[in-house]
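Asker: This structure is in structure tokens; I'll ask about it shortly.
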Amino acid sequence: MQHLWDIYNRVRQQDRMQDIFLGLNRSDYMLHQDPDMDPRLKESIDERLRRTYQSAQFHANTHYDWQGLVLRQVEFNLMASSFCGMSQRIVQQHRQCLSLCGFSEESLIRVPECNAADNFADAMATAVQLYLKECGQSSSGSSSVAAVMMIVSSAESNAYDQAALFASLVSRHPHIPVMIRTFEDLHATTGRLKLDDDLRLFVDGRHVGVVYFRFGYIPDHFPNEETWDVKYQLERSMAIKCPCIQYMLANTKLVQAALSKPSELAKFIDPSKPSYSHILSTFAKQFTLTDSFGLFDQEEVDQVIKNCLSDPHLYVLKPQREGGGNNYFDDELVTKLNSLLEQGDHFSYIIMERLFPFIVENFILTSPDPTKRHEMVSELGIFGAFIGRGDTVLLNEQSGHLLRTKLLQSNEGGIAAGYGCLDSPFLV
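The numbering of the sequence shown is the UniProt record's numbering, which starts it at 1 and goes up by one.
Shown next, in the form of structure tokens:
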């Protein structure tokens, strides 16, 4: 985090700094089931919604049909929001599966369309156009072409999803060149990355208008100073970054904890409007473990720590890390929290109330027995594309969805991290 903050401070002291922001985001939710739900209502919902076949016979028409179930936000992802490409493709696969199983045509359309890759590609193309309008002209001449460059891992395990996104970009906007590079490709010793006098970015001699990071979101991605220098050179360039360094600093659990407070939401949405209460109802309670940030007083912090230690099954301990597999639950939460408090390392962690997602029955195609039913829970991600400049919003659109499903016994849900599977929602 200190490295990122240092880069931000160095960049903002420049005479020129790119003020156009591109965000390809994903907000993740779970269908939370109230643990205190009336047992009769719970049994009724289970009968109607636990399996796809029963769900296909049911249409939810009243508030009572969903009483005790509510969408709760798990987190908001501002960087490397993956699986827009695979989600777009899996819809047709699941519709075909349902058709082969005898489901009606009316049932098939209850698996909603997903155009996430196309929408993200269009947002990238819009960003390139904005870049060329503002930065295409330089002291050395003008440019009518600028590339999109994706930064990936040298040992990429999610290449097919990335390829699906770039296939959409190439097919929908063939005039925009596409480049895929690693941090190692751009080390200073290679001489492949250059900035001109106007801070325009050139890689292998090609003008780059948008840098799209699918890598570089955890400390392990920056093993040496050469890699940090590449990050700095990219950030100081006039290319539009997705995300920019400011976005990365905002993409922390501490900021999300702050924004979940009603007083913070009120700064952006009038509390008298229905949308205020609707949005607030999706927020799970989150707490910092210190009063240093001014979000909670010491009495509140002490109380939530006491609650966590006495009822750890009701909470999740989260660090300032991305990528899946980093959270602590149950007895591990107690052990880790006590260790953090003893060592004084608790400042960078948050506590979030635990969600209890609705349980469904499903099949895992990659399991040893793909015909065996499993109790599973799902996490719904809503993709969004955002382009802004200063205080002006130039683009803000819902861009598709992702559904990840995992075994009930698994606490984590990341697909790339090996915890979950790609899925499709079935609307009732």
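Beta carbons are placed, not taken as given, at the ideal position from N, Cα and C, and that holds for glycine.
Quick caveat, the model's predicted, so the values are computed rather than measured.
Could you say which of 101, 198, 225, 253 lies nearest to residue 75 if we only look at CA atoms?
Answerer: Here residue 75 refers to the residue found at position 75 when the sequence shown is read from its first residue. Of the listed residues, the one whose Cα sits closest to residue 75 is 253.
Asker: Which residues in the same chain have their Cβ closer than 8 Å to the Cβ of residue 321, if we skip the five residues on either side of it in sequence?
Answerer: Translated into positions along the sequence shown, residue 321 becomes position 321. Answer for residue 321: 218, listed in chain order.
Asker: So is residue 243 buried or exposed if we call it buried at 16+ other beta carbons inside 10 Å?
Answerer: The count along the sequence shown starts at 1 and reaches residue 243 at position 243. With 16 or more Cβ atoms within 10 Å of its Cβ, residue 243 is classed as buried.
Asker: Under 8 Å, with one C-beta from each stretch per pair, do the segment 35-53 and the segment 350-365 reach the 3-pair mark?
Answerer: Yes, since at least three Cβ pairs between the segment 35-53 and the segment 350-365 fall closer than 8 Å, the two stretches touch.
Asker: Please identify the residue among 263, 2, 398, 404 whose C-alpha is closest to the C-alpha of residue 294.
Answerer: Numbered from 1 along the sequence shown, position 294 holds the residue referred to as residue 294. Here the closest residue by C-alpha is 263.
Asker: Leaving out five residues before and five after residue 165 in sequence, what residues of the same chain have Cβ atoms less than 8 Å from its Cβ?
Answerer: Start at 1 with the first residue of the sequence shown, and residue 165 comes out as number 165. Closer than 8 Å at the Cβ level, and outside the excluded window around residue 165, lie 84, 85, 117, 120, 121.
Asker: Starting from the C-beta of residue 364, find all residues in its chain whose C-beta is less than 7 Å away, skip the five residues before and the five after it, and write them out in chain order.
Answerer: One-based indexing of the sequence shown puts residue 364 at position 364. Taken in chain order, the residues that qualify are 370, 374, 421.
Asker: Can you pull the DSSP bridge partners for residue 242?
Answerer: In the sequence shown, residue 242 corresponds to position 242, counting from 1. Answer is 212.
Asker: Report yes if the CB atom of residue 384 is closer than 7 Å to the CB atom of residue 115, and no otherwise.
Answerer: Translated into positions along the sequence shown, residue 384 becomes position 384. Translated into positions along the sequence shown, residue 115 becomes position 115. Cβ atoms of residue 384 and residue 115: not closer than 7 Å.
Asker: Since residue 387 contacts residue 394 with CB under 8 Å, what's their CB separation in whole angstroms?
Answerer: Taking the first residue of the sequence shown as 1, we reach residue 387 at position 387. Taking the first residue of the sequence shown as 1, we reach residue 394 at position 394. The pair is a contact, with the Cβ atoms about 4 Å apart (cut-off 8 Å).
Asker: For residue 268, count neighbouring C-beta atoms within 10 Å of its own C-beta (all shown protein chains included) and say buried if the count is 16 or more, exposed if not.
Answerer: Taking the first residue of the sequence shown as 1, we reach residue 268 at position 268. Per the 10 Å Cβ criterion, exposed.
Asker: Given a threshold of 16 other Cβ atoms within 10 Å of its Cβ, counted over all protein chains shown, does residue 17 qualify as buried or as exposed?
Answerer: Counted from its first residue, the sequence shown places residue 17 at position 17. Burial call: exposed.
Asker: Could you tell me whether the Cβ atoms of residue 277 and residue 161 are closer together than 7 Å?
Answerer: For the purposes of this step, residue 277 is taken as the residue at position 277 of the sequence shown. For the purposes of this step, residue 161 is taken as the residue at position 161 of the sequence shown. No, they are not a contact pair.
Asker: Rounded to whole angstroms, what's the CA-CA distance from residue 21 to residue 392? Just pull it up for me.
Answerer: For the purposes of this step, residue 21 is taken as the residue at position 21 of the sequence shown. For the purposes of this step, residue 392 is taken as the residue at position 392 of the sequence shown. The alpha-carbon atoms of residue 21 and residue 392 are separated by roughly 10 Å.
Asker: Counting contacts by CB-CB distance shorter than 7 Å, is residue 275 in contact with chain B?
Answerer: In the displayed structure, chain B is absent; only one protein chain is listed.
Asker: Would you mind reading off the limits of the alpha helix (DSSP H) that contains residue 160?
Answerer: For the purposes of this step, residue 160 is taken as the residue at position 160 of the sequence shown. Counting along the chain, the alpha helix (DSSP H) containing residue 160 begins and ends at 159-172.
Asker: Quick check on this structure: which residue in 286, 177, 1, 309 has the alpha carbon closest to the alpha carbon of residue 334?
Answerer: For this step, residue 334 is matched to residue 334 along the sequence shown. Residue 309 is the option with its Cα nearest to residue 334.
Asker: Would you grab the beta carbon distance between residue 407 and residue 354 for me? Rounded to a whole angstrom, and I think it's under 8 Å.
Answerer: Translated into the one-based positions of the sequence shown, residue 407 becomes position 407. Translated into the one-based positions of the sequence shown, residue 354 becomes position 354. Not really, about 17 Å apart at Cβ, beyond 8 Å.
Asker: What are the complete beta strand (DSSP E) segments, minimum 3 residues, inside the segment 289-335?
Answerer: Fully enclosed beta strand (DSSP E) runs of 3 or longer: 315-318.
Asker: Given residue 11, which residues of its chain have a CB within under 7 Å of its CB, disregarding the five upstream and five downstream residues?
Answerer: Position 11 of the sequence shown, counted from the first residue, corresponds to residue 11. Here the set comprises 17, 235, 236, 245.
Asker: Going by the beta-carbon positions, is the gap between residue 210 and residue 201 smaller than 7 Å?
Answerer: Here the question's residue 210 lines up with position 210 in the sequence shown. Here the question's residue 201 lines up with position 201 in the sequence shown. Against a cut-off of 7 Å, the Cβ pair of residue 201 and residue 210 comes out as no contact.
Asker: For residue 136, which option in 338, 275, 350, 198 has the closest C-alpha, if you only look at C-alpha atoms?
Answerer: Taking the sequence shown and counting its residues from 1, one reaches residue 136 at position 136. For residue 136, the nearest C-alpha among the options comes from 198.
Asker: Note down, in chain order, each residue of its chain lying with its Cβ closer than 7 Å to the Cβ of residue 185, except the 5 sequence neighbours on either side.
Answerer: Within the sequence shown, residue 185 is the residue found at index 185, counting from 1. Hits under 7 Å: 192.
Asker: Mapping DSSP to helix, strand and coil, what is residue 427?
Answerer: Locating residue 427 in the sequence shown gives position 427, counting from the first residue. Looking at residue 427 - three-state DSSP - the assignment turns out to be coil, as it is neither helix nor strand.
Asker: Look up residue 232 in the DSSP assignment and say whether it is helix, strand or coil.
Answerer: Here residue 232 is taken as the residue at index 232 of the sequence shown, counted from 1. Here residue 232 sits in helix by DSSP.
Asker: To test your reading of the DSSP string, which unbroken alpha helix (DSSP H) runs of 4 or more residues are found completely within the segment 243-279?
Answerer: Counting only runs of 4 or more, we get 245-250, 253-259, 262-265.
Asker: How would you label residue 30, buried or exposed, when you count the other beta carbons within 10 angstroms and need 16 or more for buried?
Answerer: If you number the sequence shown from 1, residue 30 lands on position 30. Flag for residue 30 reads buried.
Asker: Expressed to the nearest angstrom, what Euclidean distance is found between the alpha-carbon atoms of residue 4 and residue 144?
Answerer: Residue 4 sits at position 4 when you count from the first residue of the sequence shown. Residue 144 sits at position 144 when you count from the first residue of the sequence shown. Rounded to whole angstroms, residue 4 to residue 144 spans 32 Å at the Cα level.
Asker: Exposed or buried, what is residue 389 when buried is set at 16 or more other beta-carbons lying within 10 Å of its beta-carbon?
Answerer: By one-based count along the sequence shown, residue 389 stands at place 389. When all chains shown are included, residue 389 counts as exposed.
Asker: Mind checking residue 1: buried by the 16 CB within 10 Å criterion, or exposed?
Answerer: In the sequence shown, the residue the question calls residue 1 occupies position 1. Label assigned to residue 1: exposed.
Asker: How far does the beta strand (DSSP E) with residue 150 in it extend, from its first residue to its last?
Answerer: Sequence index remark: in the sequence shown, residue 150 carries index 150 (1-based). Element bounds for residue 150: 147-151.
Asker: What are the uninterrupted segments assigned as beta strand (DSSP E) that are 3 or more residues long and contained completely in the segment 349-405, given in chain order?
Answerer: With a minimum length of 3 residues, the continuous beta strand (DSSP E) runs that stay inside the segment 349-405 are 350-353, 360-362, 374-389.
Asker: Is the beta carbon of residue 286 closer than 7 Å to that of residue 352?
Answerer: On the sequence shown, residue 352 is found 352 positions in, with the first residue counted as 1. On the sequence shown, residue 286 is found 286 positions in, with the first residue counted as 1. Yes; because the gap between Cβ atoms is below 7 Å, this pair is in contact.
Asker: Report the residue from 9, 182, 346 whose alpha carbon sits nearest the alpha carbon of residue 292.
Answerer: For the purposes of this step, residue 292 is identified with residue 292 of the sequence shown, where counting begins at 1. Nearest C-alpha to residue 292: 346.
Asker: Measuring straight from C-alpha to C-alpha, what distance separates residue 88 and residue 257?
Answerer: As a position in the sequence shown, residue 88 is number 88, starting the count at 1. As a position in the sequence shown, residue 257 is number 257, starting the count at 1. Going by the C-alpha atoms only, they are around 31 Å apart.
Asker: Report yes if the C-beta distance between residue 222 and residue 152 is below 7 Å; otherwise report no.
Answerer: The count along the sequence shown starts at 1 and reaches residue 222 at position 222. The count along the sequence shown starts at 1 and reaches residue 152 at position 152. Contact: no.
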